[in-house]
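Engineer: Before I ask anything, let me first share the structure, which is written out below as structure tokens.
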Amino acid sequence: STPSPPQEKDSKLRMPESFNGERREFCHWMGQVQHFLIAQPLTYSTDSHKIAFCSLLTGQARAWLTPMYGTNSSTLTDFHTFVTAITAAFDDPDRVNKAADAL
1 STPSPPQEKD
11 SKLRMPESFN
21 GERREFCHWM
31 GQVQHFLIAQ
41 PLTYSTDSHK
51 IAFCSLLTGQ
61 ARAWLTPMYG
71 TNSSTLTDFH
81 TFVTAITAAF
91 DDPDRVNKAA
101 DAL
């Protein structure tokens, strides 16, 4: 008999820390989240799964997200919309200028 092909598995990575709303940490956290989700395509295969993973938030970030539950907000159903919304809420709007000044 022909051996069955090996089962595809997600990569084992450490989960990113929860995000608490600190602007200076947002870009780093979002990068970790995106990397983690790319490495876990089987586990986080739908927008709903990705958003549920990202919504493990604390502090100000949790306070931002909580009012959206119970609404029909596409922020909680479309991953691109979620990323756009959380980026608008927490990314440092002056990050590019600060990075240029640091050079």
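Residue numbers for the sequence shown follow full-length UniProt numbering, so the first one is 1 and each next one is one higher.
Beta carbons are placed, not taken as given, at the ideal position from N, Cα and C, and that holds for glycine.
The structure presented is a predicted model; accordingly, all values stated were derived computationally and were not measured.
1. Using only CA atoms, which one of 19, 43 and 25 lies nearest to residue 12?
2. Would you please state the rounded distance, in angstroms, between the beta carbons of residue 66 and residue 75? I believe it to be under 8 Å.
3. Run through DSSP, which three-state label would residue 57 get?
4. Enumerate in chain order the residues of its own chain whose CB-to-CB distance from residue 78 is below 7 Å, with the five nearest sequence positions on each side excluded.
Structural biologist: This is what the structure holds:
1. Translated into the one-based positions of the sequence shown, residue 12 becomes position 12. Checking every option, the nearest Cα to that of residue 12 belongs to 43.
2. In the sequence shown, the residue the question calls residue 66 occupies position 66. In the sequence shown, the residue the question calls residue 75 occupies position 75. Actually they do not touch by this definition, with Cβ atoms about 12 Å apart.
3. Numbered from its first residue, the sequence shown carries residue 57 at position 57. Residue 57 falls in the strand class under three-state DSSP.
4. On the sequence shown, residue 78 is found 78 positions in, with the first residue counted as 1. The answer, listed in chain order, is 47.
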